[in-house]
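Chains as they are written, first to last, in UniProt numbering: chain A, 1 to 361; chain B, 1 to 361.
(1) Please report the distance separating the alpha-carbon of residue 138 of chain A from that of residue 237 of chain B.
(2) Within the same chain, show all residues whose beta-carbon is closer than 7 Å to that of residue 131 of chain A, passing over the 5 residues directly before and after it, in chain order.
(3) Do you know whose CA, among A:11, A:128, A:57, lies nearest residue 30 of chain A's CA?
(4) Using Cβ-Cβ distances below 7 Å, what residues of the segment 145–166 of chain A are close to chain B?
(5) The alpha helix (DSSP H) with residue 287 of chain A in it runs from where to where?
(6) The alpha helix (DSSP H) that contains residue 81 of chain A, what's its start and end?
(7) Given that a residue counts as buried once 16 or more other Cβ atoms are within 10 Å of its Cβ, and exposed if not, what is residue 164 of chain B?
(8) Using 8 Å as the threshold, is the C-beta distance between residue 280 of chain B and residue 335 of chain B below it?
(9) Report buried or exposed for residue 353 of chain A, applying the criterion of at least 16 other Cβ atoms within 10 angstroms of its Cβ.
(10) Could you have a look at residue 371 of chain B and say whether DSSP puts it in helix, strand or coil?
(11) Determine the direct distance from the alpha carbon of residue 100 of chain B to that of residue 69 of chain B, and round the result to whole angstroms.
(12) Could you pull out every residue in the same chain whose Cβ sits closer than 8 Å to the Cβ of residue 156 of chain B, ignoring the five residues on either side in sequence?
(13) Sorted by chain position, which residues of the same chain lie with C-beta nearer than 8 Å to residue 296 of chain A's C-beta, five sequence neighbours on each side aside?
(14) Regarding residue 360 of chain B and the ligand COA, is the C-beta to nearest heavy atom distance less than 7 Å?
(15) Using only the alpha-carbon positions, how far apart do residue 320 of chain A and residue 330 of chain A sit?
(16) What span of residues does the beta strand (DSSP E) with residue 5 of chain A cover, start to end?
(17) Look up residue 64 of chain B in the DSSP assignment and give the residues it is bridged to.
(18) Does the CB of residue 74 of chain A have a neighbour CB from chain B at under 8 Å?
(19) Evaluate residue 26 of chain B with the Cβ neighbour count: other Cβ atoms within 10 Å of its Cβ, from every protein chain shown; 16 or more gives buried, anything less gives exposed.
(20) Check whether the Cβ of residue 117 of chain B lies closer than 8 Å to any Cβ atom in chain A.
(21) Based on Cα-Cα distance, which residue from A:308, A:287, A:127 lies nearest to residue 248 of chain A?
(22) Helix, strand or coil for residue 266 of chain A per DSSP?
(23) State buried or exposed for residue 108 of chain A, treating a residue as buried only when at least 16 other CB atoms are found within 10 Å of its CB.
(24) Kindly provide the ranges of any beta strand (DSSP E) runs that are 3 or more residues long and lie completely inside the segment 157–190 of chain A, ordered along the chain.
(25) Here's the rule: buried if 16 or more other CB atoms are within 10 angstroms of the residue's CB, otherwise exposed. What is residue 356 of chain A?
(26) Would you kindly work out how many angstroms separate the C-alpha atoms of residue 124 of chain A and residue 28 of chain A, rounded to a whole number?
(27) Would you report the Cα separation of residue 244 of chain A and residue 264 of chain A, rounded to the nearest angstrom?
(28) Quick check on DSSP: helix, strand or coil for residue 106 of chain B?
(29) Between residue 142 of chain A and chain B, is the shortest Cβ-Cβ distance under 8 Å, so that the two count as touching?
(30) Please decide whether residue 80 of chain A counts as near chain B, where near means a Cβ-Cβ distance under 8 Å.
(31) Let me check understanding here. Comparing Cα to Cα, which of B:96, B:224, B:198 lies closest to residue 39 of chain B?
(32) Leaving out the 5 sequence neighbours to the left and right, which residues in its chain are closer than 8 Å to residue 404 of chain A when beta-carbon positions are compared?
(33) I need the DSSP call for residue 197 of chain B, collapsed to helix, strand or coil.
(34) Going along chain B in order, which residues have a C-beta closer than 7 Å to the C-beta of residue 195 of chain A?
(35) If you compare alpha carbons, which of B:338, B:316, B:360 is closest to residue 149 of chain B?
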């Protein structure tokens with residue numbers, strides 16, 4: 001068992017990382033203040049874990065909202081289902097929402113908690129590796145708009161996060177790999193020793209060895225927490241967490257949400273960002289080679305999809321919210337574990353890197 | 001010209017109160033940081049003031065969203081129109097939203113600003129007396145749900161508020177009266193001298209004398225600011241601002257949003273709350289008599305609608321968010337300018353007060 005206390009002033013909260021956290025309510029029952037609980041989950045996770053969670057909440061008044069699974073449903077219309085249930089069941093300001101699922105469920109449940117009666121409490125129980133290491137930390141919540149990902153949302157911190165590693169037993173291979181993209185990202189942007197630890201342990205991690213997973217989740221969350229604590233509202237340094245994400249969002253938008261998993265798009269996006277860093281002569285090409293190798297061992301794509309062209313790519317990157325008054329800001333590396341946010345990359349160099357990666361001119 | 005500086009820590013902002021504030025951009029242009037501006041208004045206000053506002057913003061990149069007028073459109077579907085426009089026009093995190101209109105426009109524009117890319121800046125230009133004295137202060141934003149008013153929203157403070165009294169020249173009589181309900185409320189809950197000033201000046205106020213209006217708006221905002229500063233997130237004392245609102249929301253919900261104006265429902269609701277206070281022997285009946293007289297001179301209803309019954313009333317009050325774990329909390333008076341929040345009123349006494357006011361058994 002590893003516990004991580006996120007120190008964000010009045011909004012600090014713990015993350016419990018172990019197998020079978022759900023079965024140990026002595027750890028987390030104290031984080032549910034009132035009598036009313038609403039579990040938000042999806043149609044894939046509900047049959048697997050909803051009954052087990054409800055069994056631990058027998059002294060509460062519990063309702064549930066089972067959303068359709070997938071990023072395609074992460075929108076305002078689906079969000080309304082949560083509000084409908086909360087109001088039909090007369091949930092008041094003292095209610096606690098519980099997100100049981102991956103990043104989509106967490107983002108939507110968290111946003112519903114941020115907005116319901118202008119803010120109620122919530123707990124996250126991430127069911128994927130990606131959501132354990134990414135959306136567990138930082139308080140970002142929200143939904144997509146047809147014209148862009150995560151364009152509507154709020155910052156809202158959970159009361160606690162239960163990272164129950166036994167939930168990963170049922171996670172499909174492809175989704176496990178997608179989560180590894182974000183794990184590897186933390187090594188690249190701010191923790192060179194962790195990157196080297198990942199290189200040494202990638203085979204065991206892909207076999208889902210519990211001790212290795214506990215360490216990987218813990219160090220990922222701890223790294224993200226360090227970055228977020230410096231910059232809770234994303235004015236500056238926090239942006240390094242977006243390594244590969246501006247490229248990645250373009251891929252996700254072009255391919256349709258859900259066809260490329262977020263982590264897969266981030267993997268290909270990180271390779272593009274590192275290639276750009278090498279092209280600008282900010283980064284030694286050996287780091288790019290090692291990163292590609294590690295991502296490939298994690299079962300991840302290292303090239304963008306073959307049906308996009310450069311103009312479309314640039315246009316979709318420009319609509320991304322990392323743009324400030326027309327300048328394209330990107331996360332680039334100056335070394336292993338050393339990221340910077342820069343708007344210095346000329347558009348023609350970005351286009352060259354895209355072409356070199358096989359994107360049509 | 002009266003200026004009020006709201007001191008809410010890092011989120012403090014000024015309210016400018018005078019005729020023709022819009023024509024004095026030297027006062028407020030500094031509160032628009034970026035190049036992009038999106039004006040949110042409605043189909044009634046746009047023909048009157050949109051051109052004049054845009055003329056003052058000729059150095060900005062301005063777009064506009066003209067919403068249908070009325071509380072019936074204060075919902076998530078209408079809110080999406082704002083997001084659609086912001087994304088179609090590529091507005092980024094540096095954009096400033098401007099709410100030009102009454103409370104509905106202010107609440108929706110403010111909520112859109114709270115959620116767009118997880119929070120952008122906004123300015124309020126209230127076009128009604130109600131929105132000048134109520135939604136100008138406190139940072140409450142949001143939309144309605146079919147099952148309850150303001151059930152989905154956020155706390156989000158504007159950069160500044162321009163209370164331009166010349167906008168009241170076109171305000172219909174009935175809406176002016178509705179605004180006076182909230183003005184009178186401040187006297188009742190926390191400012192006995194202001195209540196007496198209102199009794200002395202009600203005739204001139206109803207003629208919309210500029211100097212009297214400036215004073216009434218200033219003291220209303222100052223009173224609200226004092227209450228809000230003590231309790232920004234509405235845990236305790238801020239609830240006294242809801243005098244008459246739990247009764248009033250029941251009226252609005254039963255009659256359909258917009259058929260009874262918010263201020264009209266609050267007026268009838270305040271009379272019910274004061275009657276209940278008298279019934280509980282917490283308040284001298286002379287204060288109730290004076291309050292009814294002042295509200296009537298302001299052209300406001302002092303009795304609930306004649307088509308509701310007591311059960312419906314209590315049920316709709318119970319669904320209101322001022323309920324915590326099943327107990328009905330109401331704002332009651334213990335004297336002129338002295339309000340308390342109490343859950344001590346027995347349901348049968350509330351029912352008696354409703355019947356005495358003409359509500360069907």
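Where is the CB? At the ideal position from N, CA and C, for every residue including glycine.
With the structure as the only source:
(1) The sequence position of residue 138 of chain A within the first chain is 138, counting from 1. The sequence position of residue 237 of chain B within the second chain is 237, counting from 1. Each residue's alpha carbon lies about 31 Å from the other.
(2) Residue mapping note: residue 131 of chain A aligns to position 131 of the first chain, counting from 1. Excluding sequence positions up to five before and after residue 131 of chain A, its CB lies within less than 7 Å of the CB of 102, 103, 106, all in the same chain and listed in chain order.
(3) Locating residue 30 of chain A in the first chain gives position 30, counting from the first residue. Closest by alpha carbon: A:57.
(4) Listed in chain order, the positions of the segment 145–166 of chain A with a beta carbon within less than 7 Å of a beta carbon of chain B are 145, 147, 148, 151, 152, 153, 154, 155.
(5) As a working mapping, residue 287 of chain A is identified with position 287 in the first chain. Taken as a continuous stretch (DSSP letters only), the alpha helix (DSSP H) holding residue 287 of chain A covers 285–297.
(6) Locating residue 81 of chain A in the first chain gives position 81, counting from the first residue. It spans 76–88 - the alpha helix (DSSP H) in which residue 81 of chain A sits, taken as one unbroken run.
(7) Here residue 164 of chain B refers to the residue found at position 164 when the second chain is read from its first residue. Buried, because 16 or more other Cβ atoms sit within 10 Å of the Cβ of residue 164 of chain B.
(8) Here residue 280 of chain B refers to the residue found at position 280 when the second chain is read from its first residue. Here residue 335 of chain B refers to the residue found at position 335 when the second chain is read from its first residue. Result no, Cβ atoms of residue 280 of chain B and residue 335 of chain B do not sit closer than 8 Å.
(9) Start at 1 with the first residue of the first chain, and residue 353 of chain A comes out as number 353. Counting C-beta atoms within 10 angstroms of its own C-beta, residue 353 of chain A has 16 or more neighbours from the protein chains shown and is therefore classed as buried.
(10) In the structure as shown, chain B begins at 1 and stops at 361. Residue 371 of chain B is therefore absent and cannot be evaluated.
(11) Working through the second chain from its first residue, we reach residue 69 of chain B at position 69. Working through the second chain from its first residue, we reach residue 100 of chain B at position 100. Looking at the two C-alpha atoms, the distance is approximately 12 Å.
(12) Along the second chain, read from residue 1 onward, the residue named residue 156 of chain B stands at position 156. Listed in chain order, the non-local C-beta contacts of residue 156 of chain B below 8 Å within the same chain comprise 110, 111, 113, 114, 119, 122, 139, 141, local neighbours out to five positions each way being set aside.
(13) Taking the first residue of the first chain as 1, we reach residue 296 of chain A at position 296. Within the same chain, residue 296 of chain A has close Cβ partners 302.
(14) What this structure holds is no ligand at all, so the ligand COA is not there to describe.
(15) Position 320 of the first chain, counting from 1, holds the residue named residue 320 of chain A. Position 330 of the first chain, counting from 1, holds the residue named residue 330 of chain A. Note that residue 320 of chain A scores a pLDDT of 49, beneath 50, so its modelled location is shaky and nothing firm can be said.
(16) Looking up residue 5 of chain A in the first chain gives position 5. It spans 2–6 - the beta strand (DSSP E) in which residue 5 of chain A sits, taken as one unbroken run.
(17) Start at 1 with the first residue of the second chain, and residue 64 of chain B comes out as number 64. Paired residue(s): B:39.
(18) As a position in the first chain, residue 74 of chain A is number 74, starting the count at 1. Any Cβ of chain B closer than 8 Å to the Cβ of residue 74 of chain A would place that residue at the interface, and such an atom is absent.
(19) On the second chain, residue 26 of chain B is found 26 positions in, with the first residue counted as 1. It is exposed - the Cβ of residue 26 of chain B has fewer than 16 other Cβ atoms within 10 Å.
(20) Locating residue 117 of chain B in the second chain gives position 117, where the first residue counts as 1. Answer yes: the Cβ-Cβ gap between residue 117 of chain B and chain A drops below 8 Å somewhere.
(21) Start at 1 with the first residue of the first chain, and residue 248 of chain A comes out as number 248. Looking at the Cα atoms, A:308 is the closest of the given residues.
(22) On the first chain, position 266 is the one that residue 266 of chain A refers to. Residue 266 of chain A falls in the helix class under three-state DSSP.
(23) Position 108 of the first chain holds residue 108 of chain A. It counts as buried.
(24) With a minimum length of 3 residues, the continuous beta strand (DSSP E) runs that stay inside the segment 157–190 of chain A are 160–164.
(25) By one-based count along the first chain, residue 356 of chain A stands at place 356. Exposed is the call here.
(26) In the first chain, residue 124 of chain A corresponds to position 124, counting from 1. In the first chain, residue 28 of chain A corresponds to position 28, counting from 1. Residue 28 of chain A has its alpha-carbon roughly 11 Å from the corresponding atom of residue 124 of chain A.
(27) For the purposes of this step, residue 244 of chain A is taken as the residue at position 244 of the first chain. For the purposes of this step, residue 264 of chain A is taken as the residue at position 264 of the first chain. Rounded to whole angstroms, residue 244 of chain A to residue 264 of chain A spans 10 Å at the Cα level.
(28) Walking along the second chain from the start, residue 106 of chain B turns up at place 106. Look at residue 106 of chain B here: in three-state DSSP terms it is helix.
(29) On the first chain, position 142 is the one that residue 142 of chain A refers to. Yes, contact with chain B.
(30) For the purposes of this step, residue 80 of chain A is identified with residue 80 of the first chain, where counting begins at 1. Interface residue, yes.
(31) By 1-based counting over the second chain, the position of residue 39 of chain B is 39. Ranking the options by Cα distance to residue 39 of chain B, first place goes to B:96.
(32) Residue 404 of chain A lies beyond the stretch modelled for chain A, which goes from 1 to 361, so this question has no answer here.
(33) Here residue 197 of chain B refers to the residue found at position 197 when the second chain is read from its first residue. It is helical.
(34) Translated into positions along the first chain, residue 195 of chain A becomes position 195. Counting only Cβ-Cβ distances below 7 Å, residue 195 of chain A has no contacts in chain B at all, with the closest Cβ about 29 Å away.
(35) By 1-based counting over the second chain, the position of residue 149 of chain B is 149. Considering only alpha carbons, the answer is B:316.
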